[in-house]
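Q:
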Amino acid sequence: GLFSFAESASRKGKAGAWEDSPPGHVLGLRGGDFKAAAPFDNDDSTLFRPHRGARPRVPAMTRAAPKSDKIIVLVGLMGAGKTCIGKRLAQELGLPFVDADHEIEEAAGCTIPEIFAKHGEVAFRDGERRVIARLLDGPPHVLATGGGAFIDPKTRAKIAQKGVSIWLRASIDILMRRTARRNNRPLLKKGNRRETLERLIEERYPVYAEADITVDSADAPPEMTVERVMTALKNHAGGRDAAARRSAVS
Numbered sequence: 029g030l031f032s033f034a035e036s037a038s039r040k041g042k043a044g045a046w047e048d049s050p051p052g053h054v055l056g057l058r059g060g061d062f063k064a065a066a067p068f069d070n071d072d073s074t075l076f077r078p079h080r081g082a083r084p085r086v087p088a089m090t091r092a093a094p095k096s097d098k099i100i101v102l103v104g105l106m107g108a109g110k111t112c113i114g115k116r117l118a119q120e121l122g123l124p125f126v127d128a129d130h131e132i133e134e135a136a137g138c139t140i141p142e143i144f145a146k147h148g149e150v151a152f153r154d155g156e157r158r159v160i161a162r163l164l165d166g167p168p169h170v171l172a173t174g175g176g177a178f179i180d181p182k183t184r185a186k187i188a189q190k191g192v193s194i195w196l197r198a199s200i201d202i203l204m205r206r207t208a209r210r211n212n213r214p215l216l217k218k219g220n221r222r223e224t225l226e227r228l229i230e231e232r233y234p235v236y237a238e239a240d241i242t243v244d245s246a247d248a249p250p251e252m253t254v255e256r257v258m259t260a261l262k263n264h265a266g267g268r269d270a271a272a273r274r275s276a277v278s
């Protein structure tokens, strides 16, 4: 069924056990037919609830994660480089990398464009909020979110509570070049792509600006942007430590 957790075993016709399947996903989601599910505009929806008895797990790491209780959350428009930078940043930090869009597709058993086409954006946004809420309740990792995720007030509040948000800010020209490489972005399928991106910039950039950290996505090899993010994280952590020391003294 849609939104069932069985790792990739669900695609092979197996019932994947949470405890027995190898690490690789953060979510455990209850099965159920998408069309038959409860309405998406209230919190009683049966979708995106954890499988009964499920315990969150995280992907295997390549090295020990730094001691931190915060999840690094990348936000920004499509084409800003959240997935590309996120994977490299996770390597640098020794943390697991999780792509929220990928987790949504794994849970749904279909692609995001298919969810948009069959059920609409409202249904997708409701599911997106639920998935990200689950991810934010997990251990530290680097999380790349979809372009509209941070716009949701509940998601923004949850990120502020559980994570450190980083806005990857990109110019319209960079976004145009990068989004031209893929044709699976539902919001860009209709109308003029540049006009759509300009509208999204106007609507969303003031909200992205609420992130803890802003880093300009470089029109250069991704390592340059990763270096900028690492520096910004170090400065942000230093500022928090200094504030904590001042608070302790006072």
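Those letters in the sequence shown? Residues 29 to 278, by this note's numbering. Where a beta carbon is used, it is the ideal one built from N, C-alpha and C, also for glycine.
#1: Tell me ILE99's beta-bridge partners as DSSP assigns them.
#2: If you check the beta carbons only, do ILE241 and LEU171 fall under 8 Å apart?
#3: Per DSSP, what kind of secondary structure is LEU171 in: helix, strand or coil?
#4: With contact counted as at least three CB pairs below 8 Å, one residue from each stretch, are the region 134-144 and the region 109-119 in contact?
#5: Starting from the Cα of GLU238, find the closest Cα among LYS110, ALA185 and GLU142 and give me that residue.
#6: If you measure between the beta carbons of ARG153 and GLY176, is that distance less than 8 Å?
#7: Tell me the rounded alpha-carbon separation between ILE229 and ALA188.
#8: According to DSSP, is ARG209 part of a helix, a strand, or is it coil?
#9: Excluding the 5 residues flanking VAL254 on each side, which residues of the same chain have their C-beta closer than 8 Å to its C-beta?
#10: Take LYS98 and list the residues in its own chain whose beta-carbon comes closer than 8 Å to its own, dropping the five residues that flank it on each side.
#11: To the nearest angstrom, how far is the alpha carbon of GLY267 from that of MET258?
#12: Please classify MET106 as buried or exposed, where buried requires at least 16 other C-beta atoms within 10 Å of its C-beta.
#13: Give every residue of the same chain whose Cβ lies closer than 6 Å to the Cβ of ASP127, excluding the five residues on either side of it in the sequence, and list them in chain order.
#14: Hey, LEU196 and ALA108 are a contact pair by Cβ (cut 8 Å); roughly how many whole angstroms apart?
#15: Write down every uninterrupted run of the beta strand (DSSP E) in the region 221-271 whose length is 3 residues or greater and which is fully enclosed by it, in chain order.
#16: Quick check: what's the CA-CA separation for PRO234 versus LYS146?
#17: Rounding to the nearest angstrom, what Cα-Cα distance links ILE179 and GLU231 in this structure?
#18: If you draw a straight line from the C-alpha of ILE140 to the C-alpha of ALA260, how long is it?
#19: Can you tell me which of LEU163, VAL243 and MET204 puts its alpha carbon nearest to the alpha carbon of LEU225?
#20: The ligand ZN heavy atoms versus the CB of THR259: any closer than 7 Å?
#21: Rounding to the nearest angstrom, what Cα-Cα distance links LYS262 and ARG221 in this structure?
#22: Pick helix, strand or coil for ASP129, following the three-state DSSP scheme.
#23: Start and end of the alpha helix (DSSP H) containing PRO141?
A: The structure says:
#1: As a first step, residue 99 must be located in the sequence shown, where it is residue number 71. In the DSSP output, where bridge partners are listed per residue, ILE99 has GLY191.
#2: Walking along the sequence shown from the start, residue 241 turns up at place 213. Walking along the sequence shown from the start, residue 171 turns up at place 143. No, the pair does not count as a contact, with Cβ atoms beyond the cut-off.
#3: By one-based count along the sequence shown, residue 171 stands at place 143. In this structure, LEU171 counts as strand in the three-state DSSP scheme.
#4: no
#5: By 1-based counting over the sequence shown, the position of residue 238 is 210. That would be ALA185, whose Cα lies nearest to the Cα of GLU238.
#6: Counted from its first residue, the sequence shown places residue 153 at position 125. Counted from its first residue, the sequence shown places residue 176 at position 148. Yes, they are a contact pair.
#7: For the purposes of this step, residue 229 is taken as the residue at position 201 of the sequence shown. For the purposes of this step, residue 188 is taken as the residue at position 160 of the sequence shown. Approximately 22 Å, taken between the alpha carbons.
#8: By 1-based counting over the sequence shown, the position of residue 209 is 181. Coil, per DSSP.
#9: If you number the sequence shown from 1, residue 254 lands on position 226. Closer than 8 Å at the Cβ level, and outside the excluded window around VAL254, lie ILE113, ARG116, LEU117 and GLU120.
#10: Translated into the one-based positions of the sequence shown, residue 98 becomes position 70. Cβ neighbours of LYS98 beyond the five flanking positions: PRO168, LYS190, GLY191 and VAL192.
#11: Your numbering for residue 267 matches position 239 in the sequence shown. Your numbering for residue 258 matches position 230 in the sequence shown. Their backbone Cα atoms lie some 14 Å apart in a straight line.
#12: Numbered from its first residue, the sequence shown carries residue 106 at position 78. Buried is the call here.
#13: As a working note, residue 127 is residue 99 in the sequence shown. So the list reads THR111 and ALA172, once near-sequence residues are dropped.
#14: Against the sequence shown, residue 196 aligns to sequence position 168. Against the sequence shown, residue 108 aligns to sequence position 80. Their Cβ separation, rounded to whole angstroms, is 4 Å, which keeps LEU196 and ALA108 in contact under 8 Å.
#15: 241-244
#16: Working through the sequence shown from its first residue, we reach residue 234 at position 206. Working through the sequence shown from its first residue, we reach residue 146 at position 118. Between PRO234 and LYS146, the C-alpha separation is close to 31 Å.
#17: Position 151 of the sequence shown holds residue 179. Position 203 of the sequence shown holds residue 231. About 9 Å.
#18: As a position in the sequence shown, residue 140 is number 112, starting the count at 1. As a position in the sequence shown, residue 260 is number 232, starting the count at 1. So the alpha carbons of these two residues sit roughly 32 Å apart.
#19: Within the sequence shown, numbered from 1, the residue matching residue 225 stands at position 197. That would be MET204, whose Cα lies nearest to the Cα of LEU225.
#20: Of the ligands one can find in the structure shown there are none, so the ligand ZN has no counterpart to examine.
#21: By 1-based counting over the sequence shown, the position of residue 262 is 234. By 1-based counting over the sequence shown, the position of residue 221 is 193. Using only the alpha carbons, I get a separation of about 36 Å.
#22: Within the sequence shown, residue 129 is the residue found at index 101, counting from 1. In the structure shown, ASP129 sits in a helix (DSSP, three-state: H, G or I).
#23: Position 113 of the sequence shown holds residue 141. Run containing PRO141: 140-164, per the alpha helix (DSSP H) assignment.
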